[in-house]
Structures are given as structure tokens and as C-alpha cells.
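K.L.:
Be aware that the sequence shown starts at 72, since it is given in the working numbering, and climbs by one per residue. A virtual CB, placed ideally from N, CA and C, is assigned to each residue, including glycine. Quick one: the structure is below, questions incoming.
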Amino acid sequence: MLSGEGVAVLAEDEELSPSEASPILGISRLLVVLRMDRGDLPFRYVGKHRRALLKEVLALKSKLDKRQTAMEALAEDTEDLIETYGR
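Right, here's the structure in full:
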């Protein structure tokens with residue numbers, strides 16, 4: 072709020088479209104749909120439109136963030152090993 076960005080308050084049982092979930096997850100709408108199709112993000116159809124619960128989107132974001140952190144740590148360790156022992 073201090074930086075001037077907007078703030079939204081949503082209920083955990085709020086349903087989001089892939090377009091609404093993509094900025095939360097930091098991935099494209101097409102990748103959100105792919106995650107839905109693969110079963111990584113539970114969803115339901117409302118007519119022909121996909122909807123995922125906010126709490127499921129946030130759970131996937133947490134999982135993706137943990138994976139990203141682990142990958143960054145691994146990359147850092149690899150760089151340290153290369154500096155220490157060479158190629």
C-alpha cells in the first residue's frame with residue numbers, strides 16, 4: 072500500500088479464471104490452463120469456463136515459490152563448487 076499499488080481482499084473460496092490466476096502465480100494464462108489440465112491446479116467448469124478456488128491458486132503459488140527457492144539455492148551451490156574446485 073505504501074508503494075502506491077492497489078490492494079484487493081478476496082475470500083479463500085473466491086473462484087478465479089485462468090486470466091485472474093495468472094498474475095498471482097506469475098505465469099501466463101496458457102500455463103495456468105496447462106497446470107489445470109495436468110492436475111496441478113484443481114478447477115471446475117462453469118459452463119465452458121474454468122474456475123479455480125483462490126486457496127488452491129495460493130497453494131500452487133507456495134509450491135512454485137518453494138521449488139524456485141530450492142533451484143536458486145542449488146544454482147548458488149553449483150557456482151560455489153565451480154569457484155572452489157574449477158571445472
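Which same chain residues end up closer than 7 Å to Asp111 when comparing Cβ atoms and leaving out the 5 residues on each side of it in sequence?
P.N.:
Within the sequence shown, residue 111 is the residue found at index 40, counting from 1. Excluding positions up to five away in sequence, the list reads Leu131.
K.L.:
Any idea if Leu87 is buried or exposed, counting beta-carbon neighbours within 10 angstroms, 16 or more meaning buried?
P.N.:
Numbered from 1 along the sequence shown, position 16 holds the residue referred to as residue 87. Buried, because 16 or more other Cβ atoms sit within 10 Å of the Cβ of Leu87.
K.L.:
If you count every other CB in all the chains shown that lies within 10 Å of the CB of Arg115, and 16 or more means buried, which is it?
P.N.:
Numbered from 1 along the sequence shown, position 44 holds the residue referred to as residue 115. Exposed.
K.L.:
Quick one: which unbroken alpha helix (DSSP H) runs of 4-plus residues sit fully inside the region 75-139? Chain order, please.
P.N.:
Runs of the alpha helix (DSSP H) inside the region 75-139: 89-96, 100-109.
K.L.:
Assuming Arg121 and Pro89 make a contact with CB atoms under 8 Å, what is their CB distance in whole Å?
P.N.:
Taking the first residue of the sequence shown as 1, we reach residue 121 at position 50. Taking the first residue of the sequence shown as 1, we reach residue 89 at position 18. Indeed they touch by this definition, with Cβ atoms about 6 Å apart.
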